[in-house]
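Some notes on the structure that comes next.
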Amino acid sequence: MEHLHQMPHTAQRQLIVDFYKAVAAHDIEQLRAVVAGDWQYIPAISDGQSGLDQMIPAFRNLAIGLPDMKIDLLDVLVSDDRVAVRASVSGTQTGPIMGVAATSKPVSFAIHAFHEVKNGKITRTWHLEDWLSMFRQIGELPTDLSH
1 MEHLHQMPHT
11 AQRQLIVDFY
21 KAVAAHDIEQ
31 LRAVVAGDWQ
41 YIPAISDGQS
51 GLDQMIPAFR
61 NLAIGLPDMK
71 IDLLDVLVSD
81 DRVAVRASVS
91 GTQTGPIMGV
101 AATSKPVSFA
111 IHAFHEVKNG
121 KITRTWHLED
131 WLSMFRQIGE
141 LPTDLSH
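Following full-length UniProt numbering, the numbering of the sequence shown begins with 1 at its first residue and continues without gaps.
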């Protein structure tokens, strides 16, 4: 398989580290610097949209719910144009998250992702968060599970 414009593994790894630092710091401008203009986040948050703008409301809501959010990258594995990530998110739920009122409880949950990198930018992200684990720690589930 031929990969044109392949970044060195260390550069791909740093791009992913920068992505998660920006998410944890709630830094939308830094996120714009590391994702492509037509970045796809899978599963999509909203129908038909691509790019960072589809994710800004979700990132802002997470920043409100977990303002002291920390993301620990446990594994970052690079293969060709793909980067796999296993990480842990932690923080204190001092604001609402997905309709669940603030509890001031500490939470920690796993995330797993695959990122596609082309021309120095993240072009696609397949992401899974263990929300159920977080809500168990909070002691409440969101009332609206329609999305």
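Glycine residues also receive a C-beta, built at the ideal position from the N, C-alpha and C atoms.
Given the structure is predicted, the values throughout are model-derived calculations rather than measurements.
Contact annotation: E116 and D80 have beta-carbon atoms that are not nearer than 7 Å.
Distance from the CA of H9 to the CA of L77, rounded to the nearest whole angstrom, comes to 9 Å.
Under the three-state reduction of DSSP, A36 is assigned to strand.
Distance between D72 and G95, taken at the CA atoms: about 21 Å. Taking the C-beta atoms as reference points, R124 is found no nearer than 7 Å to Q14. Counting along the chain, the unbroken alpha helix (DSSP H) around T10 starts and ends at H9 to A25.
Ranked by Cα distance from A22, the first of G99, M98, A84 and F59 is F59. Nearest in C-alpha terms to A36, of all of H26, M55 and S88, is M55.
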